Amino acid sequence: MNAPDNERGIWSSKLGFIMAGAGSAVGLGNIWRFPTIAGQNGGAAFVFVYLLSVILICLAVMIAELALGRHAQRNPVGVYKTLAPGTAWKYLGILGVLTGWGIASFYSVVAGWTLGYVFKTAAGAFINLGPDEIATVFSDFTTNPVLSIGCHAIFMGLTMLILYGGVKGGIERWSKILMPLLLVILVLLVVRSVTLPGAGKGLAFYLKPNWSALTGKSVVAAMGQALFSLSLGMGTMITYGSYLSRKDNLISSAGWVASLDTGIAILAGFAIMPAIFAFDLDPAAGAGLIFVVLPNMFNKIFLGNLFGTGFFVLLSVAAVTSLISIVEVPAAYFIDEWKMSRKKAVTIAGGGAFLAGIPAALSGNFLDWMNVIFGQYSLIIGSLGVAIFVGWQWGASKANAEIMQGNPKFSASTAYAFAIRFMAPVSITALLICLILFPDAF
Ligand code: PFF
């Protein structure tokens, strides 16, 4: 097919894809954003709406991305060039590549903070500090340009090292090591958190739906968070789908990734909510929750330093397997479309994202702004584009034919056609309109 076939790769097995796909999906979004947003939007009530968004809307988009990628065996730009040659659809792929750069740039900055906090917590930097001093440590750390840019550089460097190893030898190999590690650390933290004296209040908050805290904004937040968390809308799943074999079952692969992602987000809430309530902290503390509120809690528990260090290792591990999938999108574009070697493609993709992240490393406002543009609007527009493309341009019947490769008994083609032609585009358009009306929803 294409010249750089030898530079492209393929997963060694369905399990390889599931680990890499779940590695992409499970990230800062699950462990940092999900419990924060759930805390602000009524706990269990939010989780319920979130589940509906995943099942009714996001799964259809994920299957669409995987089908596109596997069918064309190309990066997002290549997919549209192959399936709709000579049309403007290729700009949707270009938006995906640019979004990859945009998200990678600020994601790596926050991931760098988590890595810095692994060392800070391990070294006991928070011991004997009061809440105000802990808040000052965070602001001093994030506003120190050398530390902030340095940690961003180290994190992006690690990501690039994994990507140099290729699809099987880098992404899959590391995802298979890091995802089980992540699960073990998370389960240990959940056990510690739910057995704290006073954890019951947090469990009640998280398990008993508070419908009155659920507003229109919460629904917008749930849908937006679900798209971000499942890595949809910028072509990550197109790219990872392009490394799938025709023998693999797309429906069950997507089902596994979505279930692992959702299960881990919910588990992260079990690690965080009981701990917050046990110490009378604020579940709606927002972005400072992880870096300011939790170190206060770790200060107060037995072996807190160890659990605190484990928590930041968890965040770093979750972040690196996501960041590799984000940087892989521009890298795959360079390999396929510019016929570059993997080494050169990863260097340009990762190096470019590092440079683009410097302003976010220097200014929290700029970081927030990048998140709004790329983490919210671009992903929503990209997901809408994928649904319209698969539902109406390429055609639901072609998508169904692709799904049936590796799943000949697939019997839900009518339901899938309805989901991708109507349900997904209508609800994602509504999401876009609502986000314009309530820009601070999530
Ligand atoms: N899903 C990742 C998270 O929850 O942190 C973030 C992400 C990865 C977003 C890949 C978009 C993407 F394409």
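Heads up: the sequence shown runs through residues 2 to 443, numbered per my numbering. Idealized CB from N, CA, C, for every residue including glycine. These numbers were taken from a predicted model, which means no experiment stands behind them.
Alpha carbon to alpha carbon, what distance is there between residue j and residue i?
i    : j    : result
F355 : S106 : 6 Å
I178 : G22  : 14 Å
Y81  : G87  : 9 Å
A39  : Y207 : 8 Å
K344 : Y165 : 6 Å
S428 : M274 : 30 Å
F439 : E8   : 44 Å
V373 : S13  : 36 Å
W370 : Q406 : 42 Å
V347 : T216 : 43 Å
S384 : A65  : 10 Å
L324 : T160 : 7 Å
V111 : G199 : 31 Å
F390 : L84  : 10 Å
I58  : L67  : 15 Å
M298 : T122 : 12 Å
V1   : V185 : The structure shown does not extend to residue 1, since the chain is modelled only from 2 to 443, so the question has no answer here.
I327 : V50  : 26 Å
C152 : G113 : 4 Å
Comparing alpha-carbon positions, which option in the options lies nearest residue i?
i    : options                : result
W33  : I267, P409, A214, I349 : I267
Q226 : I437, G17, L432        : L432
V258 : Y244, S232, F271       : S232
P77  : I128, P331, A418, P409 : P331
V98  : E329, L316, G396, A420 : E329
F313 : G79, T83, T115         : T115
H72  : I239, Q377, F419, G158 : I239
L307 : S246, V50, I128        : I128
G30  : D133, I325, G376, I186 : G376
C435 : I277, G167, M224, A357 : M224
F35  : P181, L316, S140       : L316
A276 : S253, S342, F303, A388 : F303
F18  : S243, F335, K410, L282 : S243
D133 : F411, G289, Y241, P210 : G289
S412 : V220, S398, I327, L368 : S398
V168 : K410, G10, K121, Y51   : G10
N250 : R193, I349, A402, G151 : A402
K209 : T322, L148, A45, G24   : A45
G444 : K202, G70, V27, Y118   : There is simply no residue 444 to check, as the chain begins at 2 and stops at 443 in what is shown.
A154 : G352, D141, F419, L93  : G352
V147 : S364, W212, M424, I95  : S364
F280 : A361, V195, A269       : V195
F423 : V294, A400, G392, D441 : G392
V294 : N42, A214, T137, G171  : T137
F47  : G264, G131, A61, A214  : A214
According to DSSP, is residue i helix, strand or coil?
i    : result
A4   : Note on A4: pLDDT 42, under 50, position unreliable in the model; no value is reported.
S25  : helix
S412 : coil
L16  : helix
K82  : helix
L231 : coil
L67  : helix
N401 : helix
I11  : coil
F280 : coil
P440 : coil
K121 : helix
Y417 : helix
D133 : helix
Q74  : coil
L31  : Just to set this straight, residue 31 is Asn in the shown sequence, not Leu. The answer is helix: DSSP assigns N31 an H, G or I state.
G44  : coil
G386 : helix
A285 : coil
I291 : helix
A39  : helix
On the CB-based measure, 16 or more other CB atoms within 10 Å of its CB, does residue i come out buried or exposed?
i    : result
T415 : exposed
M2   : Only weak support exists for where M2 lies, its pLDDT of 43 falling under 50; the coordinates are left without a value.
N366 : exposed
G125 : exposed
P409 : exposed
P426 : buried
A285 : exposed
T143 : buried
L182 : exposed
Quick check on the contact list: which residues have their beta carbon closer than 6 Å to a heavy atom of the ligand GTP? The ligand GTP is not among the ligands present in this structure, which contains only the ligand PFF.
Which ranges does the alpha helix (DSSP H) cover as unbroken runs of at least 4 residues, wholly within the stretch 295-376, from first to last along the chain? 295-301, 305-338, 343-363, 365-371
Ignoring anything shorter than 4 residues or poking outside the stretch 137-225, list the alpha helix (DSSP H) runs there in chain order. 146-165, 174-195, 200-208
What are the uninterrupted segments assigned as beta strand (DSSP E) that are 3 or more residues long and contained completely in the stretch 81-115, given in chain order? none
Run through the stretch 240-278 for me and flag every whole alpha helix (DSSP H) of 4 or more residues, listed as ranges in chain order. none
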